[in-house]
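K.L.:
Here you go, one structure.
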Amino acid sequence: MFALTDGKGAVTNNGPNADARDKHLLIAIDHSEDSKRAVLYVAEFLGGFPGFSITLLSIIQVPEEDFFESGEERAAWLKNKSEETDLLLSNYRQILIQSGFPEDKVLIKSCLGDADSLSGMILSFKCDLNCCTVVVGRQHKSKSEEFLFGSISNQLIHEAKNCAVWVIE
Amino acid sequence: MGHHTSVKKYTEEDLFRMVRLWLPEENVPKRLRVKDTSDFFRVDYDDIVMLGGTPYLVRNNERERRFGVEDEPKFWVKRAVNLVTGRVKILKWTFREKFRGRVGNLVFDCVRSPLKEARILNIVQGRPDFMHGETVQDSAGHLLRIIDYIQGKTLPEIVRAMTPNHEDFFRDHYPGLLSEFISTVEAIRFLHDKGEKHGDIRRDHLIRDSETGRYRWIDFDYNYRHRASKFGYDLFGLGNVLIFITGGGDITVQALSMEAPEKLAGLSGEDVNIIFHNRVANLKKIYPYIPEFLNRILMHFAAGAKVYYESTGELLEDLKKARDMLPG
Numbered sequence: 057m058f059a060l061t062d063g064k065g066a067v068t069n070n071g072p073n074a075d076a077r078d079k080h081l082l083i084a085i086d087h088s089e090d091s092k093r094a095v096l097y098v099a100e101f102l103g104g105f106p107g108f109s110i111t112l113l114s115i116i117q118v119p120e121e122d123f124f125e126s127g128e129e130r131a132a133w134l135k136n137k138s139e140e141t142d143l144l145l146s147n148y149r150q151i152l153i154q155s156g157f158p159e160d161k162v163l164i165k166s167c168l169g170d171a172d173s174l175s176g177m178i179l180s181f182k183c184d185l186n187c188c189t190v191v192v193g194r195q196h197k198s199k200s201e202e203f204l205f206g207s208i209s210n211q212l213i214h215e216a217k218n219c220a221v222w223v224i225e
Numbered sequence: 089m090g091h092h093t094s095v096k097k098y099t100e101e102d103l104f105r106m107v108r109l110w111l112p113e114e115n116v117p118k119r120l121r122v123k124d125t126s127d128f129f130r131v132d133y134d135d136i137v138m139l140g141g142t143p144y145l146v147r148n149n150e151r152e153r154r155f156g157v158e159d160e161p162k163f164w165v166k167r168a169v170n171l172v173t174g175r176v177k178i179l180k181w182t183f184r185e186k187f188r189g190r191v192g193n194l195v196f197d198c199v200r201s202p203l204k205e206a207r208i209l210n211i212v213q214g215r216p217d218f219m220h221g222e223t224v225q226d227s228a229g230h231l232l233r234i235i236d237y238i239q240g241k242t243l244p245e246i247v248r249a250m251t252p253n254h255e256d257f258f259r260d261h262y263p264g265l266l267s268e269f270i271s272t273v274e275a276i277r278f279l280h281d282k283g284e285k286h287g288d289i290r291r292d293h294l295i296r297d298s299e300t301g302r303y304r305w306i307d308f309d310y311n312y313r314h315r316a317s318k319f320g321y322d323l324f325g326l327g328n329v330l331i332f333i334t335g336g337g338d339i340t341v342q343a344l345s346m347e348a349p350e351k352l353a354g355l356s357g358e359d360v361n362i363i364f365h366n367r368v369a370n371l372k373k374i375y376p377y378i379p380e381f382l383n384r385i386l387m388h389f390a391a392g393a394k395v396y397y398e399s400t401g402e403l404l405e406d407l408k409k410a411r412d413m414l415p416g
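Protein chains in written order, with this note's numbering: chain L, 57 to 225; chain U, 89 to 416.
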């Protein structure tokens with residue numbers, strides 16, 4: 057259930073205009089402060105250094121059909137979320153550019169997820185885009201919350217193969 | 089999923105004749121009113137509703153029964169008699185509600201969805217471990233589920249009726265009870281494998297069918313908005329049921345403080361249920377003869393848990409091992 061865009065309406069399947077020798081990082085974000093922290097960390101840590109390219113990824117977790125009274129309600133929800141997400145991605149892209157990343161090395165992607173496995177989707181993008189590192193913000197959940205609803209960062213740490221996972225505190 | 093179509097016209101005389109087949113004379117209403125099905129509030133006791141061409145005589149509204157207390161009637165759920173077969177059915181009208189579910193301190197989005205229940209009724213047809221039913225449309229075009237009434241007692245009713253001495257209960261009844269519980273977890277795994285959640289796993293949503301002797305899951309119209317773990321809340325529900333049956337009832341901090349303060353003194357904050365902190369999960373500290381391996385399963389649902397079950401498959405694997413270690 058992928059719908060990839062570059063945030064300007066164009067559908068794309070390619071990574072950024074990266075030099076083949078670039079280290080390519082995938083930052084998975086949502087609307088949380090935790091994600092913002094992850095973006096700011098990468099901006100501060102790597103901004104201005106050559107040899108890095110970034111893809112900002114946001115997966116919109118679409119509720120199951122049971123949560124909508126009609127197809128119209130679902131469509132309106134999706135439209136609203138897509139707009140919010142595109143705006144967020146665009147803002148975070150600007151932060152990275154202002155920190156010193158060249159414009160052509162910061163790409164944004166959004167897609168819809170049925171949320172059976174968000175971590176699985178993130179790792180699938182990681183493979184498709186040939187990223188060496190996945191970056192996420194650590195959600196500060198209580199133990200009981202993590203027990204009931206799981207933790208993306210924990211799942212990534214356990215499931216990721218052939219890449220590094222940065223979990224930003 | 090059928091559509092509301094009147095195949096046969098029934099006269100009032102036909103309907104009276106059918107009612108008399110299934111009801112004692114003193115309960116036969118003086119008048120029979122065939123009601124439109126679009127609004128469940130307008131359908132009352134002794135009314136007739138036509139669903140999929142079949143007449144049903146409506147009886148009482150169902151009530152939410154929990155912890156021995158009868159809650160408000162559920163006006164959208166009515167008991168009825170299928171006047172063709174005489175079978176008792178539960179009619180569930182569409183009653184959508186979105187609400188914020190609360191478990192302990194956690195709040196999350198929930199919905200009561202007739203669509204979800206209709207979907208699952210379809211999936212579990214023929215399985216002896218779920219309630220059965222069909223879905224038709226009411227006269228407004230909304231989904232209406234016609235559920236087979238299950239004669240039997242709920243799991244808590246059965247557990248509480250077992251011997252009050254826990255050691256006797258654990259030796260004589262628990263091995264069989266655990267085997268039955270394992271079957272109910274297999275049923276939930278079947279749902280999860282189909283990508284569906286039960287959504288409201290509670291001890292009183294298990295009824296032991298007196299015809300088959302098997303436990304059956306009921307009421308799967310709830311859905312919760314999951315996050316990283318789709319089935320985490322279902323697994324939590326299974327853990328609660330497991331702790332309940334292993335304790336032969338709830339072992340609460342309050343009860344221990346009254347009845348066994350020395351045992352309460354031996355508990356730490358890590359020994360209670362991860363969400364419901366008044367319930368003890370580390371039952372071995374209360375009943376030392378509970379095998380270590382079984383207790384370790386319970387501890388996955390304790391406040392001190394270091395690891396959690398990620399799937400029903402993982403839980404089942406451990407439960408079967410624990411069952412094999414029990415005598416009998």
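Idealized CB from N, CA, C, for every residue including glycine.
1. Along the beta strand (DSSP E) that carries V224(U), what are the first and last residues, could you check?
2. Determine, using beta-carbon pairs with one atom in the stretch 89-96 of chain L and one in the stretch 177-194 of chain L, whether at least three such pairs fall under 8 Å.
3. Looking at L103(U): is its Cβ nearer than 7 Å to the Cβ of I136(U)?
4. Between which two residues does the alpha helix (DSSP H) carrying N136(L) extend?
5. Looking at the secondary structure, which residues open and close the beta strand (DSSP E) in which T117(L) lies?
6. Relative to the C-alpha of N170(U), which residue among T272(U), P379(U) and V107(U) is closest?
7. Of all the CB atoms in chain U, is at least one closer than 7 Å to the CB of D62(L)?
8. Which same chain residues end up closer than 8 Å to E152(U) when comparing Cβ atoms and leaving out the 5 residues on each side of it in sequence?
9. CB-CB under 8 Å to G401(U), same chain, minus the five flanking residues each way: which ones, in chain order?
10. For the stretch 327-344 of chain U, which residues have a beta carbon sitting closer than 7 Å to at least one beta carbon of chain L?
11. Straight-line CA distance for E215(L) to T251(U)?
12. Can you check whether the CB of T182(U) is closer than 7 Å to the CB of L139(U)?
13. Are the beta-carbon atoms of C183(L) and I115(L) separated by less than 7 Å?
14. Provide the residue span of the alpha helix (DSSP H) that contains A249(U), from first to last.
15. Are the CB atoms of I362(U) and E284(U) nearer to each other than 7 Å?
16. Considering I270(U), what are the terminal residues of the alpha helix (DSSP H) in which it resides?
17. Quick check on the burial criterion: 16 or more other C-beta atoms within 10 angstroms. Buried or exposed for A206(U)?
18. For the alpha helix (DSSP H) containing A220(L), list its first residue and its last residue.
19. Using CA coordinates, which residue listed in G229(U), D226(U), I234(U) and A228(U) is at the minimum distance from H417(U)?
20. How would you write the range of the beta strand (DSSP E) that L174(L) sits in, first residue to last?
21. Alpha carbon to alpha carbon, how far is I331(U) from A343(U)? Give it in angstroms, no decimals.
22. Within the chosen definition, does the stretch 333-342 of chain U reach the stretch 368-384 of chain U through at least 3 CB pairs nearer than 8 Å?
23. Output yes if chain L places a C-beta closer than 7 Å to the C-beta of S399(U); else output no.
24. Just the C-alpha distance for N210(L) and P158(L), rounded to the nearest angstrom, thanks.
25. Using the rule of at least 16 other Cβ atoms within 10 Å of the residue's Cβ for burial, across every protein chain shown, is E202(L) buried or exposed?
26. Could you pull out every residue in the same chain whose Cβ sits closer than 7 Å to the Cβ of D127(U), ignoring the five residues on either side in sequence?
27. Any beta carbon of chain L sitting closer than 7 Å to that of A316(U)?
28. Can you find a C-beta in chain U that's less than 7 Å from the C-beta of F203(L)?
29. Is the beta carbon of I270(U) sitting closer than 7 Å to the one on L407(U)?
30. Would L326(U) and V273(U) qualify as a contact pair, given that the criterion is a beta-carbon distance under 7 Å?
31. Applying a beta-carbon distance threshold of less than 9 Å, which residues of chain L neighbour F183(U)?
32. Under a three-way DSSP split, which group does L407(U) fall into?
33. Between the Cα of D86(L) and the Cα atoms of I289(U), G357(U), L382(U) and A316(U), which residue gives the shortest distance?
34. Is any beta-carbon of chain B found at less than 7 Å from that of G206(L)?
35. Starting from S166(L) and walking both ways along the beta strand (DSSP E), at which residues does that stretch end?
36. I'd like to know whether the C-beta atoms of I226(L) and S155(L) end up nearer to each other than 7 Å.
P.N.:
This is what the structure holds:
1. Start and end: G221 to Q225.
2. Segments in contact, yes.
3. Between L103(U) and I136(U), the CB-CB gap stays under 7 Å.
4. N136(L) -> alpha helix (DSSP H) spans G127 to Q154.
5. Residue identity differs from the one stated: residue 117(L) is Gln in this sequence, not Thr. Annotation: the continuous beta strand (DSSP E) that includes Q117(L) extends over F108 to Q117.
6. Measuring from the Cα of N170(U), the nearest candidate turns out to be V107(U).
7. Because the pLDDT at D62(L) is just 42, under 50, the model does not fix this residue reliably, and the value given afterwards should be weighed accordingly. With 7 Å as the cut-off, D62(L) does not count as an interface residue toward chain U.
8. Closer than 8 Å at the Cβ level, and outside the excluded window around E152(U), lie E158, D159, E160 and K162.
9. Correct list, in chain order: R277.
10. Under the 7 Å Cβ criterion, the stretch 327-344 of chain U contributes no residue.
11. In this structure, the CA atom of E215(L) is about 47 Å from the CA atom of T251(U).
12. Taking C-beta atoms as the reference points, L139(U) and T182(U) fail to come closer than 7 Å.
13. It is not a contact, given that the beta carbons lie outside the stated cut-off.
14. For A249(U), the enclosing alpha helix (DSSP H) stretches over residues L243 to A249.
15. Going by C-beta atoms, I362(U) is not nearer than 7 Å to E284(U).
16. Bounds of the alpha helix (DSSP H) holding I270(U) are Y262 to D281.
17. Looking at its Cβ environment, which holds 16 or more other Cβ atoms inside 10 Å, A206(U) is buried.
18. No alpha helix (DSSP H) contains A220(L), which is instead part of the beta strand (DSSP E) from A220 to I224.
19. The structure shown does not extend to residue 417(U), since chain U spans only 89 to 416, so no value can be given for it.
20. No beta strand (DSSP E) holds L174(L); the alpha helix (DSSP H) holding it covers L174 to D184.
21. Pairing A343(U) with I331(U), the inter-Cα distance amounts to about 16 Å.
22. In short, these stretches touch, since the Cβ pair count reaches three.
23. It does not: the Cβ of S399(U) has no partner Cβ on chain L nearer than 7 Å.
24. Their backbone Cα atoms lie some 31 Å apart in a straight line.
25. E202(L) comes out buried.
26. Non-local C-beta neighbours of D127(U) in its own chain, meaning closer than 7 Å and more than five positions away in sequence, are absent.
27. True, the Cβ-Cβ gap to chain L drops below 7 Å.
28. Judged by the 7 Å Cβ criterion, F203(L) is in contact with chain U.
29. Yes, the Cβ-Cβ distance between I270(U) and L407(U) is below 7 Å.
30. Against a cut-off of 7 Å, the Cβ pair of V273(U) and L326(U) comes out as a contact.
31. Within 9 Å Cβ-Cβ: nothing; F183(U) doesn't reach chain L, min ~13 Å.
32. L407(U): helix per DSSP, three-state reduction.
33. Answer by Cα proximity: A316(U).
34. Among the chains of the structure shown, chain B does not appear; the protein chains present are L and U.
35. Where S166(L) is concerned, the enclosing beta strand (DSSP E) stretches over V162 to G169.
36. For chain L, the structure presents residues 57 to 225; residue 226(L) sits outside this window and is missing.
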